[in-house]
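**Student:**
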Amino acid sequence: MISSFFRNIKMKIQDMKTISQLCLGAEQYAQQYGENKPGAEHFLLASLDLQDGSAQKVLAKLGVNHIDVKEALKAQHNSVLASMGVESEVMNLASDMPKDTNPSIALYDTKPSGQMVMKKLYENNKMRKTPLKSIHVIEVVLSMQYGTAIRVLQNIGVDLEALKKVTRAECY
Amino acid sequence: MTDIKSLPNPNNPEEALAAVTSLRLLADQLERRAVEEAVAQGWTWAQIAQALDITRQAAHKRHAAFINKKET
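What follows is the structure, given as structure tokens:
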């Protein structure tokens, strides 16, 4: 009973560290990509940097390199703009964004898709008995039907249904 | 950067809304750069607000933190 209590406390502390790393990573990616607030796509990228490596592994099972995902986000907006004949690249305008090396999660604010990621992670976490891992972020992102994060995965040829299946098998 | 040759057909909402997202990001970044330049050229927040057709408070709230962060 007591050991279970301490195990739970330890897991909560570990989860808080993971969430902190995830949020800071997402915020840094948002800044890097010229946005004020992180969205689901930035949480997706940040999950690929988490130390447990489970998100990278699940993508690798489908033959997807995590670096390709990062490159795909860069290409996403520019290819959409190019298809409309807009020659400017969003990353060029973003290139001189201030580099905030110490983003604050005390005033953490996200785009609605980022809020959804955090909300679903919290909801899923209540049901889960294992520590939060990067693969759980992938699971949440895959529950979305539309948006930049999903389009990024589609654009690099990820079979979303196959990824859902592999992710589910790894999560539960 | 100008000269939008073809917009996606709204009948394909998935493509059209993705285009809106990208155009919004581009517009946000252009606005941020232009406001930064305006402040550097000595514009007041009231002038910037007038040019953007938003309130002075809204202009300040939207951009002041970014500009202050960049200056530090």
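Protein sequences appear in the order of chains A and B.
So that you can map any letter, position 37 of the first sequence is 37 in this note's numbering, and since no number is skipped, the others follow by simple counting.
So that you can map any letter, position 22 of the second sequence is 22 in this note's numbering, and since no number is skipped, the others follow by simple counting.
Cβ coordinates follow ideal geometry from the N, Cα and C atoms, glycine included.
(1) I want to verify the contact list: residues of chain A whose CB lies under 8 Å from the CB of Glu-14(B), in sequence order.
(2) CA-CA distance, Leu-52(B) and Ala-65(B)?
(3) Going by C-alpha to C-alpha distance, which of Val-158(A), Ile-138(A) and Ile-150(A) sits closest to Cys-171(A)?
(4) Are the beta-carbon atoms of Ala-149(A) and Glu-41(A) separated by less than 8 Å?
(5) Taking a Cβ distance cut-off of 7 Å, strictly less, list which residues of the segment 25–53 of chain B are near chain A, in chain order.
(6) Going by other Cβ atoms of all chains shown within 10 Å of its Cβ, with 16 needed for buried, is Asn-55(B) buried or exposed?
(7) What residue range is occupied by the uninterrupted alpha helix (DSSP H) comprising Leu-52(B)?
(8) Would you please state the rounded distance, in angstroms, between the beta carbons of Ile-20(A) and Ile-135(A)? I believe it to be under 8 Å.
(9) Along chain B, which residues have their Cβ under 9 Å away from the Cβ of Glu-35(A)?
(10) CB-CB under 7 Å to Leu-50(A), same chain, minus the five flanking residues each way: which ones, in chain order?
(11) Give a yes or no on whether 8 Å exceeds the smallest Cβ distance from Ala-18(B) to chain A.
**Tutor:** Quick answer:
(1) What you label residue 14(B) is simply residue 14 of the second sequence in a count that begins at 1. Per Cβ cutoff of 8 Å: Tyr-146.
(2) Here the question's residue 52(B) lines up with position 52 in the second sequence. Here the question's residue 65(B) lines up with position 65 in the second sequence. Those two C-alpha atoms are separated by around 18 Å.
(3) Looking up residue 171(A) in the first sequence gives position 171. Cα-wise, what sits closest to Cys-171(A) is Ile-138(A).
(4) Counted from its first residue, the first sequence places residue 149(A) at position 149. Counted from its first residue, the first sequence places residue 41(A) at position 41. Yes, the pair counts as a contact, with Cβ atoms nearer than the cut-off.
(5) Leu-25, Leu-26, Gln-29, Leu-30 and Arg-33
(6) On the second sequence, position 55 is the one that residue 55(B) refers to. The sequence as given places Thr at residue 55(B); Asn does not occur at that position. That one is exposed.
(7) For the purposes of this step, residue 52(B) is identified with residue 52 of the second sequence, where counting begins at 1. Taken as a continuous stretch (DSSP letters only), the alpha helix (DSSP H) holding Leu-52(B) covers 45–52.
(8) For this step, residue 20(A) is matched to residue 20 along the first sequence. For this step, residue 135(A) is matched to residue 135 along the first sequence. Here residue 20(A) turns out to be Ser, not Ile, going by the sequence shown. Ser-20(A) to Ile-135(A), Cβ: 18 Å. No contact.
(9) Counted from its first residue, the first sequence places residue 35(A) at position 35. Neighbours of Glu-35(A) on chain B, chain order: Leu-25, Asp-28 and Gln-29.
(10) Here the question's residue 50(A) lines up with position 50 in the first sequence. These residues qualify, in order along the chain: Thr-18, Gln-21, Leu-22 and Ser-134.
(11) Along the second sequence, read from residue 1 onward, the residue named residue 18(B) stands at position 18. Chain A contact via Cβ: present.
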